[in-house]
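For reference, the structure is listed below as structure tokens.
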Amino acid sequence: MSNWIKLSLGVPNIKGRQLVLSNTLVNGQCFNWYALREHDYVGVLGQYLIRIQQDMKDCDIQFRYHTHKKYKDEGDEDDQVHSLLLDYFQMNEVNLEDLYTTWSNDKHFASIGPCIPGLRILRQDPWECTMSFLVSQNNNIKRITGLMLKIRSSYGERIGDLDTVLDEDEEFEDFTVSEFYTFPTLDQLSKAKEADFRALGLGYRAKYMEASCKIIQKKGGEDWIRNLRLDLNSKKKENSKEEENDDEEELNRKTQDETPKKSQLTLENLESIRAQLVELKGVGNKVADCISLFSLNCLNSVPVDTHVAQIAKRVYGMSESNAKNYPKVVDLFYQKFGTYCGWAHSVLFAAELPQYKPLLETKKKGKRKEKDLKLSEDPGQKKIKILK
DNA sequence: ACACTACCTGG
DNA sequence: CAGGTAGTG
1 MSNWIKLSLG VPNIKGRQLV LSNTLVNGQC FNWYALREHD YVGVLGQYLI
51 RIQQDMKDCD IQFRYHTHKK YKDEGDEDDQ VHSLLLDYFQ MNEVNLEDLY
101 TTWSNDKHFA SIGPCIPGLR ILRQDPWECT MSFLVSQNNN IKRITGLMLK
151 IRSSYGERIG DLDTVLDEDE EFEDFTVSEF YTFPTLDQLS KAKEADFRAL
201 GLGYRAKYME ASCKIIQKKG GEDWIRNLRL DLNSKKKENS KEEENDDEEE
251 LNRKTQDETP KKSQLTLENL ESIRAQLVEL KGVGNKVADC ISLFSLNCLN
301 SVPVDTHVAQ IAKRVYGMSE SNAKNYPKVV DLFYQKFGTY CGWAHSVLFA
351 AELPQYKPLL ETKKKGKRKE KDLKLSEDPG QKKIKILK
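If you read the first sequence in the UniProt record's numbering, its first letter stands for residue 1, the second for the next number, and so on.
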């Protein structure tokens with residue numbers, strides 16, 4: 001059995017303001033994590049079966065993992081998985097607490113942010129992300145997660161059983177997933193025809209899957225999508241002297257905030273990425289923006305779905321939100337939240353999901369009376385309400 | 001160029 | 001209806 005390893009975020013995670021797993025892993029941005037119980041998840045990242053959990057008293061996070069023997073490297077595998085997770089959570093690039101503070105200039109965000117702390121955008125694998133959001137269209141999170149699971153177990157490679165990340169005396173009776181698989185490569189997934197995808201339950205999306213796989217093959221395979229990813233650190237080369245001596249987290253962070261190294265986040269680049277993704281079958285604006293935000297470092301992509309369109313209408317007073325003024329909604333979010341508007345949007349989006357309604361309700365009650373609001377700022381009380 | 005609809009499936 | 005898109009008038 002594997003050992004537990006503490007995840008060192010590099011910054012204090014007070015009250016989960018940098019990272020809360022329950023707000024990050026199951027909010028609809030990814031579909032590869034399953035809750036064993038609250039704040040305790042299993043899922044697959046690359047070739048690793050990972051279990052990760054958070055102690056909601058101090059917000060510390062620990063993980064353990066398992067991988068198939070054929071993948072075993074020598075040496076620092078613990079370090080590799082640790083680095084993998086830090087990259088996945090984008091811990092080295094983004095100080096989420098600072099962003100929440102900035103975003104709270106917007107009144108609507110200010111009312112929601114404290115209820116949904118530590119919601120980070122994950123840096124996912126572009127290929128897997130593309131397939132996931134192809135499946136996601138006109139569909140719900142629960143079913144998407146189930147369908148992706150079927151795709152893995154049908155066409156991926158088996159990594160191992162659940163019990164490789166459980167203690168001997170542990171059991172989770174209602175938990176139905178017992179074995180875990182890698183996400184299939186393009187070659188592996190290309191063995192499936194439309195009928196096969198339909199048999200898995202993908203419905204009319206089956207046709208899109210087969211067609212898109214073929215298109216991706218023609219364009220150069222998974223690497224074609226992976227190469228669409230923006231390199232936000234490219235500017236570092238100019239400051240290489242500074243970077244090398246920069247071991248201290250705070251200094252590093254400061255430098256990055258001051259020199260927004262966002263030279264890649266131009267409108268042209270974003271348009272180009274979207275244009276290329278839309279060439280796939282079953283990928284329109286919304287899905288393309290999901291892919292670019294969740295896997296291609298496009299911090300300012302704003303996928304406009306029914307919920308986001310509703311926010312634009314209900315909260316920000318946009319008259320009509322339909323497919324036609326998609327760009328207008330995107331622009332609205334950019335005007336409100338700036339470079340990281342894709343990140344901000346995800347918090348507001350989460351607030352629209354039924355699962356988050358209870359958290360927001362407690363906040364509303366406190367808001368009724370201004371006097372009570374200050375009292376409810378009591379840390380202990382807040383933690384219970386928000387993070388329970 | 002726009003608006004409208006069919007489309008798998010499950011709650 | 002659910003985090004839409006392609007196809008059609």
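A virtual CB, placed ideally from N, CA and C, is assigned to each residue, including glycine.
query	result
Runs of beta strand (DSSP E) lying entirely within the stretch 147 to 179, each at least 3 residues, in chain order	158 to 161
Strand pairing of W33, partner residues [DSSP]	G43
Assigned secondary structure, F89 (DSSP; H/G/I helix, E/B strand, else coil)	coil
Cut-off 6 Å between Cβ atoms - residues of its own chain near W4, not counting five sequence neighbours on either side	Q62 and R64
Unbroken beta strand (DSSP E) run spanning R51, endpoints	Y48 to Q54
Assigned secondary structure, Q124 (DSSP; H/G/I helix, E/B strand, else coil)	coil
Outcome for L202 when other beta-carbon atoms lying within 10 angstroms are tallied against a minimum of 16	buried
Beta-carbon proximity list for G113, same chain, < 8 Å, skipping 5 on both sides	Y100, W103, S104 and V347
Pick from D60, Q47 and L25 that is closest to K15, judged by C-alpha positions	D60
Length of the line joining the Cα atoms of F133 and L277	12 Å
Reduced DSSP secondary structure (H/G/I, E/B, other) of I116	coil
CB-CB length for A195 against K281, believed under 8 Å	Not a contact, Cβ separation roughly 16 Å.
Exposure of T266, with buried meaning 16 or more beta-carbon neighbours within 10 Å	exposed
Range covered by the alpha helix (DSSP H) that runs through R64	It is not in any alpha helix (DSSP H) - R64 instead sits in the beta strand (DSSP E) that spans I61 to T67.
Span separating the alpha-carbon of Q188 from that of G317	47 Å
For D169 and N227, the rounded distance between their alpha carbons	45 Å
Bridge-paired residues (DSSP) for K286	Per DSSP, none; premise fails for K286.
Selection from S190, S301, V44 and P354 that minimises the alpha carbon distance to H66	V44
Exposure of Q310, with buried meaning 16 or more beta-carbon neighbours within 10 Å	exposed
Burial state of Q256 (16 or more Cβ within 10 Å)	No answer about Q256 holds up, because its pLDDT of 43 lies below 50 and its placement is not dependable.
Neighbour-count burial assignment, M148, 16 or more Cβ in a 10 Å radius	buried
The stretch 288 to 308 touching the stretch 124 to 144, judged by at least three CB pairs closer than 8 Å	yes
Given 8 Å, three or more beta-carbon pairs between the stretch 20 to 39 and the stretch 115 to 132	yes
8 Å Cβ cutoff met for L122 and F294	yes
Rounded straight-line distance, which links the Cα of M209 to that of D231	28 Å
Three-state secondary structure assigned by DSSP to Y334	helix
Assigned secondary structure, K324 (DSSP; H/G/I helix, E/B strand, else coil)	helix
Reduced DSSP secondary structure (H/G/I, E/B, other) of Y181	strand
DSSP bridge partner residues for K6 (one or two, in chain order)	Q62
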